[in-house]
Every structure is written in C-alpha cells, then in structure tokens.
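Residue 257 is where the sequence shown starts when you use this note's numbering, and the numbers rise one by one after that.
Note that CB positions come from ideal geometry on N, CA and C, so glycine has one too.
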Amino acid sequence: MSIRRQLEENEQKFLSPKATLSAATRGRKSPISPCDFRTEFQRDRDRILYCRAFSRLRRKTQVLISPRGDHYRTRLTHTLEVSQIARTIARSLRLNEDLTEAIAMGHDLGHSPFGHTGEYALNSIHPAGFYHSRQSVRLVESLERQGEGLNLTYEVRDGILKHSKSYTKIIADDPNAMPATLEGQIVRIADSLAYINHDIDDGVQVGIIKLEEIPKPLIDALGRTVGERVGRMVEDVIAETTRLNLEHIAMSAELLEPTEMLRKYLFDNFYLTPMVNRETDKSKRIVTELYEYFLKNPDQMDVKLFDLLPNGDLPQLVCDYLACMTDDMALETYIQVFVPRRIA
257 MSIRRQLEEN EQKFLSPKAT LSAATRGRKS PISPCDFRTE FQRDRDRILY
307 CRAFSRLRRK TQVLISPRGD HYRTRLTHTL EVSQIARTIA RSLRLNEDLT
357 EAIAMGHDLG HSPFGHTGEY ALNSIHPAGF YHSRQSVRLV ESLERQGEGL
407 NLTYEVRDGI LKHSKSYTKI IADDPNAMPA TLEGQIVRIA DSLAYINHDI
457 DDGVQVGIIK LEEIPKPLID ALGRTVGERV GRMVEDVIAE TTRLNLEHIA
507 MSAELLEPTE MLRKYLFDNF YLTPMVNRET DKSKRIVTEL YEYFLKNPDQ
557 MDVKLFDLLP NGDLPQLVCD YLACMTDDMA LETYIQVFVP RRIA
C-alpha cells in the first residue's frame, strides 16, 4: 500500500464525519496521476508554496507601506499567521488540516502591490474590475507556469475565492458567500482573526494606535496582548462550532460582537487615518499612472519576468503585469518611467 493510501485511510479513520476527505475531492480541471506519498490537498499546498506568486508575498504590503523596521507584517507573514490559526482550529475540530493549510497559503496570492490600496486603484481603472480573491484564483488557474496554472483541486480554489470579506461580516449571512467546505470557512475566519490582531500590533509599533485608547470593554472581552486575543478568539471558534455540531464554523455572539467592533476600531483609527492615507494616495497614483502608461506603451512591459503570455486582451495583460509586481518593483518602475534622470 502506498503512503498516500495510508494517509487517506487515516483521514477516514480519525477525522470528523464533517471533514473533507482528500480521497473524495471533486478533482482538478486537468486530471493527473496520484502521488505515491502525498494526498491531493498536500500536493496543492506544495504547488502553492513553490510557485512564484508565493515568493513575491514577502515584498508586498500588509497595511504599512515601506515601514522603517524589521518587525512589521508583510503579506507573507500575514499568510503564515493565517495558516497557523487556521490549522489550530482545523486540528482541534478534527477537520482536514492539509486542505485548510493549502487554502490559507494560497488565499492572498493575487494581491497587488501596496495591499488593498493597489487593489482599489486597479478596480477603479481596469474595465473588468479587480479583486484580489479573484486574481488569486486567476493566478492558480491560468497565469502561473507560463499560463498552465497550478491545476489545484476544486476545494482549494473555492476556499481561495471565498475567503475575502472586504468590510462585510466575518461570518456571512448568505451561505452562498461562504466556502463550500468547513476547512474553507475556517480560513475565512482565521484571515480576520489574524489581521485584526497583527494590524493592531503594527499600529501600536508605528505609534498610530495606543493600547490605552482602545475601548476598555473590547480589551476586557478579548484580551490586551496579541496572544491573549488570538487565544480567546480561537478557543471560542472551536467551542461554538463544536456546540453547533460542526454545522458551520462559528463564533459565539459574546465574542463575535466585540471582534467586529475591534475591526471597526481598526478602520476608524488606523486604516483610514491621515498618516496612513497620505501614503495610500501616493500608492494609488503609482498604480493608476503605470496602468495608463503600459496601455499606451505595451512594449515596455517585461511580461516574461512573470511568465505572462500575451492573450489579445491588453487591459487584462497590463492588470496582470501590475498585480504581479511587488511594492519595490512598482515604485522602481514608476521612477524609471516618470522621474527624470541626469544625463550628464
């Protein structure tokens, strides 16, 4: 018996009846031969980990653009924190940890430079619109590996597509907005729990947020430190989901309400503050002007850098090209294109 078959039997034996079994996946768009020593979801995790888009996350903004210091979050460290929280929840609920990890590792692959600022800029100027969750799926389906894509399973692609909430509820009222698997639902919640807590930490480091100014009822309910808050939130998700017999991934009203309120506090006192907005306005201009420039000068795009293939849709190619850029590359490209250089 192959190692993969043993792993699949272990899933069937030890996981919850509500778990998504790797042997029961709805499959890939292009069927491939099974691996002897990895399940299908383990293969997806590995394909994501080794793809080019994943490596670029280390140079993409979480919230703060080019902060001074080594301890601010990037899109990569955010991804790792989401994965850790999600795996803890999945393991405790006896759900499929490998599927959960694969979705978590891939959920932000499509983020543009400058985080949500770049996303909003592309969405406002690109005719087809731009949402990082859709771009993440586009990357894994048709951009990576010179247009071949990563050929991931349906369950992973579904979890990636439906992880994003914008500023809607952490747990959507519409079941159709939630991922099809419990593992995907875990990542959707873990994404919020991760960024709410680490963004407060970054806001405190940069001096925009002061812990003593966070409403006391929120501190009392959730905790003062990152570790306390994450611990209470994770424990609550596990307890409430268990109480509901794993019908869906949930938080109790006692903790969901202050968690949503803390997220609102972040928007009002961090994301939308003048200090942060000054830099986001500059970033929007960089993305917008580069988009317009490359539409007029497509020969100036080095599409081979990202393994992109011309497809007859120039606006989409420009959008893909810009979305693949890291913060540093977008800024350097803008300087090369628009800032005069001394000739002598």
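- Remark: C-beta atoms of residue 377 and residue 552 do not approach each other more closely than 8 Å.
- The segment 388-396 makes contact with the segment 404-422; the number of CB pairs closer than 8 Å reaches 3 or more.
- Shortest Cα-Cα distance from residue 274 to any of 592, 501 and 529 involves 501.
- Between residue 317 and residue 299, the CB-CB gap reaches or exceeds 8 Å.
- Each of 574, 548, 568 and 567 was checked against the Cα of residue 558, and the nearest Cα belongs to 574.
- In the structure shown, the three-state DSSP call for residue 356 is helix.
- The shortest CA-to-CA distance from residue 531 to any of 508, 353, 359 and 319 is the one to 319.
- Judged by beta-carbon spacing, residue 583 lies beyond the 8 Å limit of residue 314, meaning their Cβ atoms are not closer than that value.
- Assignment of beta-bridge partners to residue 284 by DSSP yields 409.
- Taking the CA atoms as reference points, residue 347 sits about 43 Å from residue 567.
- Assigned with DSSP and collapsed to three states, residue 373 falls in helix.
- Under the three-state reduction of DSSP output, residue 333 falls in the helix class.
- For the pair residue 506 and residue 497, the CB atoms are nearer than the 8 Å cut-off.
- Buried is the label assigned to residue 579, since at least 16 other Cβ atoms lie within 10 Å of its Cβ.
- Per DSSP, residue 268 is one residue of the alpha helix (DSSP H) stretching across 259-270.
- Contact check for residue 297 against residue 354 passes: the beta carbons are separated by less than 8 Å.
- Residue 474 sits close to residue 514, with the two beta carbons spaced by under 8 Å.
- Only residues of its own chain outside the window of five on either side were considered, and among them 264, 267, 268, 271 and 352 have a CB closer than 8 Å to the CB of residue 277, listed in chain order.
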